[in-house]
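Residue numbering for the sequence shown follows full-length UniProt numbering, beginning at 1 and increasing consecutively. I have placed the structure first, in the form of structure tokens, so that the comments after it can refer back to it.
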Amino acid sequence: MNEVEKNEIKRLSDRLDAIRHQQADMSLVEAADKYAELDKEKETIEAEIVRLRDVQGQKLSKEAQKLMSLPHRRAITKKEQADMGKLKKKRPWPGYRSPDDRAGSRNEAHGNDRLL
1 MNEVEKNEIK
11 RLSDRLDAIR
21 HQQADMSLVE
31 AADKYAELDK
41 EKETIEAEIV
51 RLRDVQGQKL
61 SKEAQKLMSL
71 PHRRAITKKE
81 QADMGKLKKK
91 RPWPGYRSPD
101 DRAGSRNEAH
111 GNDRLL
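As structure tokens, then:
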């Protein structure tokens, strides 16, 4: 279902780009009728894209509500909880030092074993 809206939005966006390119190449004085016609078509396509994005967002929010309403069947084990803690403490990139790490290294550099 979600794929249908996605494909339709893509098709309409491609058509909108084509219209914009046609309008850019067109002279307003010589082809005012055609320009106005393309402008009107452009407005309808933009409105349809907005409508499809709203539909897509509503479907996504319905899926999210379904997921949120699912009951949790079991408690988290201690091992799973420890794994979550490891993920939180994991450094975002190599060489990264958190403010806590930096504070500890300053105290060690001065020979102070206790925290301030």
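We put the beta carbon where it would ideally sit given N, CA and C, even for glycine. Note that the coordinates shown come from a computational prediction; the quantities given were computed from them, not determined experimentally.
For the pair residue 19 and residue 49, the CB atoms are not nearer than the 8 Å cut-off. The segment 50-66 and the segment 23-35 do not touch, with fewer than 3 CB-CB distances between them shorter than 8 Å. In the three-state scheme derived from DSSP, where H, G and I count as helix and E and B as strand, residue 27 is classed as coil. Inclusion of residue 16 and residue 46 in the CB contact set at 8 Å is warranted, their separation being smaller than that value. In this structure, the alpha-carbon of residue 71 lies about 33 Å from that of residue 7.
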